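Below you'll find the structure, written out as structure tokens, and then a few comments.
2 protein chains.
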Amino acid sequence: MAVYTQLSAGTLGDLVAQYDVGQLVSAKGIAEGVSNSNWLIETTGAGAAGDTRFILTMYERRIDRGDLPFFLDLLDFLSARGLPVPRTIHDRTGASFRLLDGKAVALIEFLPGVSVDSPTAEQAHDLGAVLARMHLAAQGFSGTRRNDLGPATSSRVLAECGADALAAIDPALPRAIRLAREVAERWPADLPQSVIHSDLFPDNVLMLGSAVAGLIDFYFACTDAMAYDLAVTHAAWCFGEGGKDFRHDIGHALIVGYESVRPLLGPERAALPLLAQGAALRFVSSRAFDWIDTPAGAMVTRKDPMDFMARLEFYREAGDRAFA
Amino acid sequence: MAVYTQLSAGTLGDLVAQYDVGQLVSAKGIAEGVSNSNWLIETTGAGAAGDTRFILTMYERRIDRGDLPFFLDLLDFLSARGLPVPRTIHDRTGASFRLLDGKAVALIEFLPGVSVDSPTAEQAHDLGAVLARMHLAAQGFSGTRRNDLGPATSSRVLAECGADALAAIDPALPRAIRLAREVAERWPADLPQSVIHSDLFPDNVLMLGSAVAGLIDFYFACTDAMAYDLAVTHAAWCFGEGGKDFRHDIGHALIVGYESVRPLLGPERAALPLLAQGAALRFVSSRAFDWIDTPAGAMVTRKDPMDFMARLEFYREAGDRAFA
Numbered sequence: 001m002a003v004y005t006q007l008s009a010g011t012l013g014d015l016v017a018q019y020d021v022g023q024l025v026s027a028k029g030i031a032e033g034v035s036n037s038n039w040l041i042e043t044t045g046a047g048a049a050g051d052t053r054f055i056l057t058m059y060e061r062r063i064d065r066g067d068l069p070f071f072l073d074l075l076d077f078l079s080a081r082g083l084p085v086p087r088t089i090h091d092r093t094g095a096s097f098r099l100l101d102g103k104a105v106a107l108i109e110f111l112p113g114v115s116v117d118s119p120t121a122e123q124a125h126d127l128g129a130v131l132a133r134m135h136l137a138a139q140g141f142s143g144t145r146r147n148d149l150g151p152a153t154s155s156r157v158l159a160e161c162g163a164d165a166l167a168a169i170d171p172a173l174p175r176a177i178r179l180a181r182e183v184a185e186r187w188p189a190d191l192p193q194s195v196i197h198s199d200l201f202p203d204n205v206l207m208l209g210s211a212v213a214g215l216i217d218f219y220f221a222c223t224d225a226m227a228y229d230l231a232v233t234h235a236a237w238c239f240g241e242g243g244k245d246f247r248h249d250i251g252h253a254l255i256v257g258y259e260s261v262r263p264l265l266g267p268e269r270a271a272l273p274l275l276a277q278g279a280a281l282r283f284v285s286s287r288a289f290d291w292i293d294t295p296a297g298a299m300v301t302r303k304d305p306m307d308f309m310a311r312l313e314f315y316r317e318a319g320d321r322a323f324a
Numbered sequence: 001m002a003v004y005t006q007l008s009a010g011t012l013g014d015l016v017a018q019y020d021v022g023q024l025v026s027a028k029g030i031a032e033g034v035s036n037s038n039w040l041i042e043t044t045g046a047g048a049a050g051d052t053r054f055i056l057t058m059y060e061r062r063i064d065r066g067d068l069p070f071f072l073d074l075l076d077f078l079s080a081r082g083l084p085v086p087r088t089i090h091d092r093t094g095a096s097f098r099l100l101d102g103k104a105v106a107l108i109e110f111l112p113g114v115s116v117d118s119p120t121a122e123q124a125h126d127l128g129a130v131l132a133r134m135h136l137a138a139q140g141f142s143g144t145r146r147n148d149l150g151p152a153t154s155s156r157v158l159a160e161c162g163a164d165a166l167a168a169i170d171p172a173l174p175r176a177i178r179l180a181r182e183v184a185e186r187w188p189a190d191l192p193q194s195v196i197h198s199d200l201f202p203d204n205v206l207m208l209g210s211a212v213a214g215l216i217d218f219y220f221a222c223t224d225a226m227a228y229d230l231a232v233t234h235a236a237w238c239f240g241e242g243g244k245d246f247r248h249d250i251g252h253a254l255i256v257g258y259e260s261v262r263p264l265l266g267p268e269r270a271a272l273p274l275l276a277q278g279a280a281l282r283f284v285s286s287r288a289f290d291w292i293d294t295p296a297g298a299m300v301t302r303k304d305p306m307d308f309m310a311r312l313e314f315y316r317e318a319g320d321r322a323f324a
């Protein structure tokens, strides 16, 4: 959550002029996104769609420019198929992103809706259904991208952090090294795949009332098991503060919603407890790495890896019960 | 520039329901304001004005709740007189602010426009004219508020920081203690007053093309000399990076614009060099204090007091030349 870069009004105006969207009226840096800077842009409107509001995203780090066509084409693909996903606004030359001061920027459709911290069962049900619709639609997308944050990566990252550095964060954290290795060894290789979001936290979902109005921030999207995406979403949505207080009703609604569109296969359902442990470890490992890697004085909120250790332990204990 | 507080979608929705503005559609934390949190709010619209966008401000610190009626009534007063100032949206009971989790919040009109880093002479001219119009209009405002950041405060704050702590920031900074005392001693007491903005930095002005579309962030507004406000604005707008590279053309346009609406009196014009030194010292002192007061690890950008030391030295050297 940050605006890393300052853009002058002149720079913004010149940029907007490269698109058929009218004149710049307003630009506010918004506190969203962890690997990019974002502005809410208002223009006088133009073009066929006549939109007057857009999100301008500047890709700051962690995002390989070579991946941008995959991410931005995916938005367009899903949006064109009726998914609540913001399309990319292409510039007058047809390009989906441009370079500004050496950094890639894209103009993205603005979607209404607010992120909810604690969903209702109705919202969780709709989220599951929309996720399944997205998985089915994305199977027709021609692009592919390897998941470079899978269980093998989690295991390697934690091992490289080392038990001492992990123990300095929390005495219960070094245990993640062994658990990650075990999860990676048992990881199923043959579950049905699609393009998955893989980071569908509440921040990345816009709700209007009880319905999903937007899925955003596809910058971890990759080709991987659909059931893994459901497990990530489960881990991200069904717990209270600190990864405690599992909300069975929310998890249940999420899965029922998902299966109302795309019933899980037997092996997918059987794999959910392990997939959820892998999902928890994905965030344990990246947060532990960032914690060690981030100077205490940096202007970034360090996220506590223990929030996902708590989820990991829960999924280990609960097994199938968590998904019943 | 920060969003200090997280508000859940439910809390935001409940809050918006207290106003006749329709249903909540979107809420984005925006990276504006140094002593408050701000959200750009979108609603379905309702009421006579039919506005659909608003700024929600939560007052975090530095702002005395007892001052809020002054600030918010001032916005309404100036807006009603045709100044480009956002009015306050009153709730269904007529209140201009409410309490949320123990903190005061206000819903403010959204104004278009973008903040420019480096104004054109045309923009500076219009800014001067709007500032003068605001000064004249605000003379009819019944509220008053003492300027608690005047030259005596600057002098006291710098003395209390102490030469050693200032020298630790920059060897050239302790000299500000003596200069501030001298400026405070020579400060004119009888210049014509109004309610002044007193913090009219580029961040607090929204431009559309070459015209001022909004003056915002009146949370330092107070009753003081109008020429001092012009001097603050001059110090805030007419310099390049680090307080260097005085732009005479911008300063000239600002003053010519101001005088196109409200000609300065002889004593005001004669006082400008001193007033500008006082303006520079106001920011030297608060920035030095914040620098010393802010832990290095805090998630706040510390502003370098030396940027305004450079301006102070410039105004001392240039004298009347800076305003010719």
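Heads up: the sequence lines are chains P and G, in that order. Reading the first sequence from the start, the letters are residues 1 to 324 in the UniProt record's numbering. Reading the second sequence from the start, the letters are residues 1 to 324 in the UniProt record's numbering. Don't be surprised by glycine CBs; every beta carbon is placed ideally from N, CA and C. Computed from a prediction, not measured in an experiment: that's the story for all the values here.
| Item | Value |
| --- | --- |
| Under 8 Å between C-beta atoms of P/ILE169 and P/ALA288 | yes |
| Chain-ordered neighbours of G/MET207 on chain P, where CB pairs are closer than 8 Å | ALA9 |
| Proximity test, Cβ basis, 8 Å: P/SER115 and chain G | yes |
| Rounded distance between the beta-carbons of G/LEU107 and G/LEU56, thought under 8 Å | 6 Å |
| Inter-stretch contact (C-beta, 8 Å, three-pair minimum) for the segment 112-123 of chain G and the segment 138-147 of chain G | no |
| Chain G contacts made by the segment 110-142 of chain P, where a contact means CB separation under 9 Å | PHE110, LEU111, PRO112, GLY113, VAL114, SER115, VAL116, ASP117 and SER118 |
| Any C-beta of chain G under 8 Å from that of P/VAL183 | no |
| Given 8 Å, three or more beta-carbon pairs between the segment 24-44 of chain P and the segment 71-89 of chain P | no |
| CB of G/GLY128 within 8 Å of CB of G/TYR258, strictly | yes |
| Whole-Å CB distance - G/ILE216 paired with G/LEU206, under 8 Å assumed | 7 Å |
| Under the three-state DSSP convention, the category G/ALA2 falls into | Bear in mind that a pLDDT of 49 at G/ALA2, under 50, signals an unreliable position, so the number given afterwards is only what the model happens to contain. Of the three classes helix, strand and coil, the one that applies to G/ALA2 here is coil, per DSSP. |
| For P/SER26 and P/ALA9, the rounded distance between their alpha carbons | 9 Å |
| Touch test, the segment 146-154 of chain G against the segment 233-241 of chain G, Cβ-Cβ under 8 Å, three pairs minimum | no |
| Closer than 8 Å to chain G by CB, P/GLU241 | no |
| Cβ-Cβ distance between G/ALA152 and G/ALA184 below 8 Å | yes |
| The segment 312-321 of chain P / the segment 42-53 of chain G touching (three or more Cβ pairs under 8 Å) | no |
| Continuous alpha helix (DSSP H) stretch holding G/GLY45: start and end | Neither: G/GLY45 is in no alpha helix (DSSP H) and is coded neither H nor E. |
| For residue 325 of chain G, three-class secondary structure by DSSP | Since the first residue of chain G shown is 1 and the last is 324, residue 325 of chain G is not available in this structure. |
| Pair within 8 Å by beta-carbon distance, G/ALA104 and G/ARG65 | yes |
| Alpha helix (DSSP H) runs wholly inside the segment 210-268 of chain G, at least 4 long, in chain order | 226-237 and 248-261 |
| G/LEU56 at chain P interface by Cβ criterion, 8 Å | no |
| Local conformation of residue 325 of chain P per DSSP, three classes | Given a span of 1 to 324 for chain P in the structure shown, any question on residue 325 of chain P remains unanswerable. |
| Closer than 7 Å at the beta carbon, the chain G residues around P/GLY29 | ILE30 and ALA31 |
| Neighbourhood of G/ASP218 by C-beta, 7 Å cutoff - its chain only, sequence neighbours within 5 removed | One detail in the question is off: residue 218 of chain G reads as Phe in this sequence, not Asp. For G/PHE218, where only same-chain residues beyond five positions count, the Cβ hits under 7 Å are PHE71, LEU74, LEU75 and HIS197. |
| P/ARG92 burial status per 10 Å Cβ neighbour count (16 or more: buried) | exposed |
| Under 7 Å from the C-beta of G/SER26: neighbouring residues of chain P | PRO112, GLY113 and VAL114 |
| Alpha-carbon spacing of P/ALA211 relative to P/TYR59, whole angstroms | 29 Å |
| Close-in-space but distant-in-sequence residues of the same chain around P/PRO188 (CB under 6 Å, 5 per side omitted) | ALA271 |
| Cutoff 8 Å: P/GLU259 Cβ touching any chain G Cβ | no |
| Nearest-angstrom Cα separation, counted from P/LEU40 out to P/PHE54 | 6 Å |
| Below-8 Å beta-carbon distance, P/LEU40 vs any chain G residue | yes |
| Neighbour list for P/LEU12 in chain G, Cβ cutoff strictly below 7 Å | VAL114 |
| Anticipated Cβ contact below 8 Å, P/LEU24 with P/THR43, distance rounded | 6 Å |
| Sheet register partners of G/ALA138 (DSSP bridge) | In the DSSP output, where bridge partners are listed per residue, G/ALA138 has none listed. |
| Alpha-carbon spacing of G/GLY251 relative to G/TYR315, whole angstroms | 12 Å |
| Of the listed residues G/TRP291, G/ASP293 and G/SER285, nearest to G/PHE308 (C-alpha basis) | G/SER285 |
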